[in-house]
Amino acid sequence: MEGAIKTVVTQFLSAARGKEDLSGKNFQKLVQSQLGNIMSDTDSSSAVKDMMKGLDDNQDGKVSFKEYMTLIGYVANSVCEQKGQPNAAGGQ
Numbered sequence: 005m006e007g008a009i010k011t012v013v014t015q016f017l018s019a020a021r022g023k024e025d026l027s028g029k030n031f032q033k034l035v036q037s038q039l040g041n042i043m044s045d046t047d048s049s050s051a052v053k054d055m056m057k058g059l060d061d062n063q064d065g066k067v068s069f070k071e072y073m074t075l076i077g078y079v080a081n082s083v084c085e086q087k088g089q090p091n092a093a094g095g096q
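In my numbering, the protein residues as written are 5 to 96.
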């Protein structure tokens with residue numbers, strides 16, 4: 005699990021290119037390159053823009069690491085459900 009956490013952090017930092025947040029363009033590249041096999045519509049720029057808007061809690065037009073982690077949590081939960089595992093957040 006440590007390796008997975010390090011990968012999530014490293015990929016974000018690499019995509020952010022030394023900045024604290026991901027721009028729209030960098031967010032789209034990250035989603036397409038790292039989540040394209042696990043998520044649908046990553047090739048659609050409008051779908052990725054909508055995803056970014058949904059994650060952008062403070063409406064600054066960028067995705068912070070915390071906002072990015074919301075996406076990672078959502079994706080992990082979806083994978084868990086697809087694998088037929090009980091949802092730990094659901095109280096089971």
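Just so it is clear, CB atoms sit at the ideal spot from N, CA and C, and this is done for glycine as well.
Checklist entry - For the 8 Å Cβ check, are there 3 or more pairs between the region 35 to 49 and the region 64 to 71? => result No contact exists between the region 35 to 49 and the region 64 to 71.
Checklist entry - Distance, Cα to Cα, M5 vs A19? => result 21 Å
Checklist entry - Anyone know if the C-beta pair for Q32 and S49 falls short of 9 Å? => result Contact flag set, yes.
Checklist entry - For the alpha helix (DSSP H) that S71 lies in, which residues bound it at each end? => result Per the sequence presented here, residue 71 reads as Glu, with Ser not at that position. Its alpha helix (DSSP H) spans residues 69 to 86.
Checklist entry - Three-state secondary structure (DSSP) at D61? => result coil
Next on the checklist: Applying the 10 Å Cβ sphere with the 16-neighbour rule, what's the burial state of K66?
Outcome noted: buried
Checklist entry - Does the beta-carbon of L75 have 16 or more other beta-carbons within 10 angstroms, so that it is buried, or is it exposed? => result It counts as buried.
Next on the checklist: Which of the three DSSP states is assigned to D47 in this structure?
Outcome noted: coil
Checklist entry - According to DSSP, what are the bridge partners of D173? => result This structure gives no information on residue 173, because the portion of the chain shown stretches from 5 to 96.
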